Structures are given as structure tokens and as C-alpha cells.
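A.B. asks:
2 protein chains.
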Amino acid sequence: MKNASPPAVVIVGSVGLDEIETPRTKRKNQLGGSASYACAAASFFARPGMVGVVGTDFPARCRATYRRFGIDLAGLQARAGRTFRWGGAYEENMNNRRTLFTELNVFAEFSPELPEAYRGAPYLFLANIQPALQLHVLRQMRRPRFILLDTMDLWINTAFGDLIDVIGRVDMLTVNESEARHLAGEPNLVRAARRLLDLGPRYVAIKRGEYGSMLFSARGIALVPAFPLDDVRDPTGAGDTFAGAFLGALARAGRIGEDAIRAAMTYGSVVASFGVEDFSLNRLGRLGRADIEARARELRRMGAVR
Amino acid sequence: MKNASPPAVVIVGSVGLDEIETPRTKRKNQLGGSASYACAAASFFARPGMVGVVGTDFPARCRATYRRFGIDLAGLQARAGRTFRWGGAYEENMNNRRTLFTELNVFAEFSPELPEAYRGAPYLFLANIQPALQLHVLRQMRRPRFILLDTMDLWINTAFGDLIDVIGRVDMLTVNESEARHLAGEPNLVRAARRLLDLGPRYVAIKRGEYGSMLFSARGIALVPAFPLDDVRDPTGAGDTFAGAFLGALARAGRIGEDAIRAAMTYGSVVASFGVEDFSLNRLGRLGRADIEARARELRRMGAVR
């Protein structure tokens, strides 16, 4: 995957060192952050370029991990100070998580600046960062073919105006169920998703974790199942893994119609299901395209509606 | 649907008068109970026979409703006393429900006795009643072709031995996610379902409400989506509606292999999605086979995994 061609998929998000507690174990200094998960997942399909920031404490082993995935790091800034750190703990059924701590560190002053080679990229994922910074990225891009946007409750509460602005400038918005309800101010998920479409994007993807995802568009609704797992070790980053693999698969397909979107969401679902089978990027690091294709076939078989 | 042929599907469960509170409205004396929902849902596909008990206060209008669905009532006992009553309240998103009251009344002394014409029926649904009573029904049946069993947390806690006994004598067990975890003593749903298969049934169906259902068997897992609704008025009885329509569709298909089971689950999902669009059996009462087939086609389109 190593080559000097410009990235096909630009991904802007957080890079962090995570502390993860599950009912069975605790891990410190795990490579994490939305940009890490999304770039690693995209790398199976297209060349990703990372836009993020790390501190001087960022371990060389983590950069080596990125390079093994073939991630372009020209957009990864190194700043004096400590890397963003986050800690979370999962309950027994792995569905509920509480945040233990958040240390923004160098991420507090992050201003995403795109290398020249990134500005003409056709595919862009604006992972969950402040909407004003997402707008700053959009101003630097020339004419991306497809823009995917993620956000979170914090920005709905604190930066609503900027968020509505950026939502109106993207092709697809991805949020989870509670964010969709919150952002739309509507408890029914179908009606909430329709209101989000009215804000501008052609597609709204609702992430439902182990229940899969839903795609809303003018053509209606598509349902994408999650792959059922008998061993979930760390769900951290599953949404970003989904988004990264989705956008990578879309870039590889070279089409952006609804059938291509649905097929790319299946790949998002599949790669995310691998990702949660181990901590950090560990499972993705042992993954090959053949594994992905085999599980995608299995998911199509499981999900075929008779 | 009115004729004197013996029922193809025998359904044993509760008959009650419900009080339902939703964020927008409150309804009293709604015809409810597992047998009511399951029989009405099955009636679109095969002739159901109801086994249950009502009190002397049971309204003539409710019997008339049953007759309009073509439900055989030879197994519906009338006893001196009041009919079973239950009250429940739903929260804003319609997913969380709390029980307001339960008055067992004549249901407390219920002993299901099957009319002679029911005992040779090929399809049997043991809806959620005390496992000892479910075993009593099984002893009266000659040689049913397919037996579906439902249960609840109460019986896992208070009648575990009888419950395990009856689970070992049925073809398919249907439980919701938390019941599956509780019954198997295993937080991971896939592992929990495998343990339930080890108890004897060839099929385990996990109901996940608005997220659809999962079918587990020796052949693996199948995922059945729920139909996304933009107006849920009353989710009461959705699981029993699913089960009744499933078993009716299976009876009509005349096959009990895995493909037939999956197709029947799609019909269960579709009829349940209509049922929750109004209170009690109101929506099912306005429903026709053409509506069911149209929504089944739509669900297959939405759920096709690309």
C-alpha cells in the first residue's frame, strides 16, 4: 500500500491514546481516535490521508502502525505538548459506556491544515470534531466528489449554528440514534431522519451499533445489518471504523449512486465487526481483503430477507 | 374465514382488557392479551383456535371482534369473575414501558383444556403462561408438527425446572434479548442463543423489537429486519402478533425447513409492524392480505444486503 500517490480519501479527526476498561480487562495507551480507526478501515479499499494532531509524546510504534496500513501522514501535525487522551469503561453487555476522563492536550488548539496534495481528493470524511473546524476543512478542499460528516451531542448543544451550516454542505450525515433524535428534535427515528435530510444532505445514515444501520434518502429507507459476534472485546471506534471502511469502499467502487452506497455500507458493517474483536487497531492489523470478502458474503446470506 | 373446519393453529395464552398510556393518549378496556394478538395475526394465513379464559364481564363486542377474524372460540372458557386486566405506560420513544397494574382475576385459576377438535392441530403456539400449564397443553396434543414457545422473566425466576422441561419439548423458542441473556446466564447474545439451542429446540428466535429478530439454528444465524415506522401508536402485543403471524404463515406454507421459517418470520415482522400502528387489534382489523404482501415486498427491498 506504500506509494507516493495523493490520498483518495482524506480523513479529518482525532488521534488519541486511550485507556479502555472492559468487564474482563484494562488497557492503557491504546492507539485510538476517530482518524486512527477511520484511516485504518479505509486503507483496505483506498489510500487514506490523515489530518490530525499529536504531541511530542506520540509513540514511534503508533506511527509505524499507521505506515503498515499505508496511511499518508503528511496531514498529521506534531505539536509541543501531550497527545489527546481519553478513558472509557464498558459494562457487562458492552453496550453501555461511561467516559472516565478526557484530556484534550494538543487537540484543544487543533486547526486542521490540509497539505496541497490532499486538497484535490475526491472523498472526504469529516469525523467528529468542532463544526467550525469542519467548515475550515471544507474551505480548503477544491471540489470533493463525496463528503461524509459525523458529529456528536456536544456540538448539537454548543455549536448548533455551525453544525447546521456544515450539514448543508455535505453529501451524507452519519449519526447514532440518540443524536438523530436530539438533532432533529423528534423522538420517532424515521421522522427524525427525514428532517435531517431536509437540512441538505442527500443521505442520512443512522448508526445503531450491534443492530446495524439505516440509510435514508429521497428513494426511501435501506436497512444494513450488523454482523452478529460471539466475542466483542472493545467496541471503541466502531462507528469510525464503519465510516472509514464505507468511504474507502465507495472510493474503490468509483460510483456514488444509492446501490453503491448500500454496498459500501455493507463493507463498513463488516470491517467494524472485525474491529471490535480486539483492542485498538489490533484486529484490523491482522485483517486481509479475503477475510473481509468472506464475512461480507456471510452477512449477505444471513441478512437475505426471504 | 368462518367455517367449521378444525383450527390449523392452536394458540394458548392470555385474554385481557388493557389500559394503555402513551405520551399522547390513554385508552381503557382495550382488548388485549397474548392469545388475542396471536390469533388475530395468525388469522391472515390459517384458521386459529384460541385457548384462554375470560370472566363474565367480557364484552360481547370483543367476542364479535374475534369472530370477524375467523378465530375458533371453542377453547375459550368463560368463568365466573372478572377478566384479566393489565395496565402499562409507554415513554416518549415508545421503547420503554412500565407496568401500572396487573389483576389476574379469572386468569389466576386458568387451566387450559383443549377441545377434542384442537388436539390434532399441526401447529401450536404456547404463548407466555406458566410453564406447568404449557406442559399440561402438550400432554393433550396428539402429535403437533411444529410447536412454538414463548416465556418471560417471571418464569425464569420462579419456575425454572418446568421451563427447561417445556423448552426441551418444542421446535422453536422465542424470547427477547434480555430474556435470552437471563435464561442462558450469558451476556453475549450469540453465545446465549447457542446455549438455548442446547436445551433442545431446533430454532431459537430472539425478538429485538424495532431492531427486528434473529433466528439461530444448527445452520447458523439469520437476521430478519423490522419494518421502520414513522408512527407507532401502541407497541403492546407486538411480540405475540409476530409469533401468531409467523406460525400462521408457516402453517400456510406447509413446510418447516429453515427457508420456510425465515419467510414466515418476515410475515411475522410485517404483521407486527401493522399491529403497532394502532391500539389493540384495531389496525389488524382494517388489514388485508394485499397490504401484508405489499409491505413484505417493501421490507425485502429495504433489507436486501448489497
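Protein sequence lines, in the order shown, are assigned to chains A and B.
Under this note's numbering, the first sequence has 175 at position 175, and the numbering climbs by one with no breaks.
To convert a position in the second sequence, counted from 1, into this note's numbering, add 306.
Note that CB positions come from ideal geometry on N, CA and C, so glycine has one too.
Because the structure is a prediction, the values reported are computed rather than measured.
Report yes or no: do the region 294-305 of chain A and the region 265-274 of chain A share at least 3 C-beta pairs separated by less than 8 Å?
C.D. replies: yes
A.B. asks: Taking only three categories from DSSP, how would you classify ILE71(A)?
C.D. replies: coil
A.B. asks: Report all residues from its chain with a CB closer than 6 Å to the CB of PRO187(A); omit the five preceding and five following residues, and keep chain order.
C.D. replies: Around PRO187(A): ARG181.
A.B. asks: Can you look up ASP291(A) in the DSSP assignment and give me helix, strand or coil?
C.D. replies: helix
A.B. asks: Could you tell me which chain A residues have their CB closer than 9 Å to the CB of ASN402(B), listed as they occur along the chain?
C.D. replies: In chain order: nothing, as chain A lies at least about 12 Å away.
A.B. asks: Can you tell which of LEU323(B), GLY355(B), PHE351(B), SER417(B) has the C-alpha that lies nearest to the C-alpha of GLY394(B)?
C.D. replies: GLY394(B) has its Cα closest to that of LEU323(B), out of LEU323(B), GLY355(B), PHE351(B), SER417(B).
A.B. asks: Tell whether a beta-carbon distance below 9 Å holds between ASP280(B) and TYR509(B).
C.D. replies: Residue coverage of chain B in this structure runs from 307 to 612, which leaves residue 280(B) outside it and unanswerable.
A.B. asks: Can you tell me where the beta strand (DSSP E) holding MET141(A) begins and where it ends?
C.D. replies: For MET141(A), there is no enclosing beta strand (DSSP E), as DSSP gives it neither H nor E.
A.B. asks: Is MET400(B) closer than 9 Å to THR331(B) when the C-beta atoms are compared?
C.D. replies: no
A.B. asks: From SER340(B) to LEU299(A), what does the alpha carbon distance come to, in whole angstroms?
C.D. replies: 33 Å
A.B. asks: Count the other CB atoms, across all protein chains shown, that sit within 10 Å of the CB of LYS308(B); report buried if there are 16 or more and exposed otherwise.
C.D. replies: The pLDDT assigned to LYS308(B) is 47, lower than 50, so where the model puts this residue is not dependable; a value taken from the coordinates is nonetheless given after this. Here LYS308(B) is exposed, its C-beta having fewer than 16 other C-beta atoms within 10 Å.
A.B. asks: Alpha carbon to alpha carbon, how far is ALA314(B) from ALA600(B)? Give it in angstroms, no decimals.
C.D. replies: 25 Å
A.B. asks: Three or more beta-carbon pairs under 8 Å between the region 220-230 of chain A and the region 491-506 of chain B, yes or no?
C.D. replies: yes
A.B. asks: Please report whether the beta-carbon of ASP259(A) lies at a distance below 9 Å from any beta-carbon of chain B.
C.D. replies: Yes, because at least one Cβ of chain B sits closer than 9 Å to the Cβ of ASP259(A).
A.B. asks: Of the residues that make up the region 147-162 of chain A, which ones have a beta carbon closer than 9 Å to any beta carbon in chain B?
C.D. replies: none
A.B. asks: Return the residue from the list LEU521(B), PRO507(B), ALA544(B) that minimises the CA-CA distance to GLY515(B).
C.D. replies: Per the C-alpha coordinates, the member of LEU521(B), PRO507(B), ALA544(B) positioned closest to GLY515(B) is ALA544(B).
A.B. asks: Where does ALA78(A) sit, in a helix, a strand or coil, going by DSSP?
C.D. replies: strand
A.B. asks: May I ask you to report which of helix, strand or coil DSSP gives ALA528(B)?
C.D. replies: ALA528(B) carries a strand assignment under DSSP once its states are collapsed to helix, strand and coil.
A.B. asks: Can you name, in chain order, every residue of its own chain whose Cβ lies under 7 Å from the Cβ of LEU529(B), other than the five neighbours on each side?
C.D. replies: Excluding positions up to five away in sequence, the list reads GLY518, MET520.
A.B. asks: Using a Cβ-Cβ distance cut-off of 9 Å, determine whether MET307(B) contacts chain A.
C.D. replies: Since pLDDT at MET307(B) reaches only 44, below the 50 mark, its modelled position is unreliable, and no value is offered.
A.B. asks: For GLU177(A), count neighbouring Cβ atoms within 10 angstroms of its own Cβ and tell me buried if that reaches 16, exposed if not.
C.D. replies: buried
A.B. asks: Using the Cβ count rule (16 or more neighbours within 10 Å means buried), how would you classify PHE101(A)?
C.D. replies: Under this definition PHE101(A) is an exposed residue.
A.B. asks: Going by beta carbon distance, what residues of the same chain come within less than 6 Å of LEU489(B), once the five residues before and after it are set aside?
C.D. replies: ILE462
A.B. asks: Just the chain A side, please: which residues come within less than 8 Å of GLU291(B) by C-beta, in chain order?
C.D. replies: Lying before the first or after the last residue shown, residue 291(B) is absent from chain B, which here runs from 307 to 612.
A.B. asks: Considering Cα atoms alone, identify which of VAL412(B), MET458(B), GLU422(B) is closest to LEU432(B).
C.D. replies: MET458(B)
A.B. asks: Mind checking which residues open and close the alpha helix (DSSP H) that includes THR158(A)?
C.D. replies: 153-158
A.B. asks: Quick one: residues in its chain with C-beta nearer than 6 Å to the C-beta of GLY166(A), no 5 flanking neighbours on either side, listed in chain order?
C.D. replies: Note that residue 166(A) is Val in the sequence shown, not Gly. If we look at VAL166(A) and ignore the five residues flanking it on each side, its Cβ neighbours are PRO131, GLN134, LEU135.
A.B. asks: Would TYR37(A) and GLY244(A) be called neighbours here (beta carbons separated by less than 9 Å)?
C.D. replies: Taking the C-beta atoms as reference points, GLY244(A) is found nearer than 9 Å to TYR37(A).
A.B. asks: Would you mind working out which of PRO418(B), LEU553(B), VAL582(B), SER586(B) sits nearest SER349(B), comparing C-alpha positions?
C.D. replies: LEU553(B)
A.B. asks: Excluding the 5 residues preceding and the 5 following ILE147(A) in the sequence, name in chain order all residues of the same chain whose CB lies nearer than 6 Å to its CB.
C.D. replies: Closer than 6 Å at Cβ, skipping near neighbours: LEU124, VAL170, ASP171.
A.B. asks: Considering only C-alpha positions, which residue in the set SER586(B), ALA557(B), ALA524(B) is nearest to ALA352(B)?
C.D. replies: ALA557(B)
A.B. asks: Thinking C-alpha only, which one of VAL276(A), GLU277(A), ASN282(A), VAL270(A) is nearest ALA290(A)?
C.D. replies: VAL270(A)
A.B. asks: Report yes or no: is there a C-beta of chain B within less than 9 Å of the C-beta of PRO228(A)?
C.D. replies: yes
A.B. asks: Closest to ASP234(A) by CA distance: which of ARG262(A), GLY55(A), LEU196(A), ARG283(A) is it?
C.D. replies: ARG283(A)
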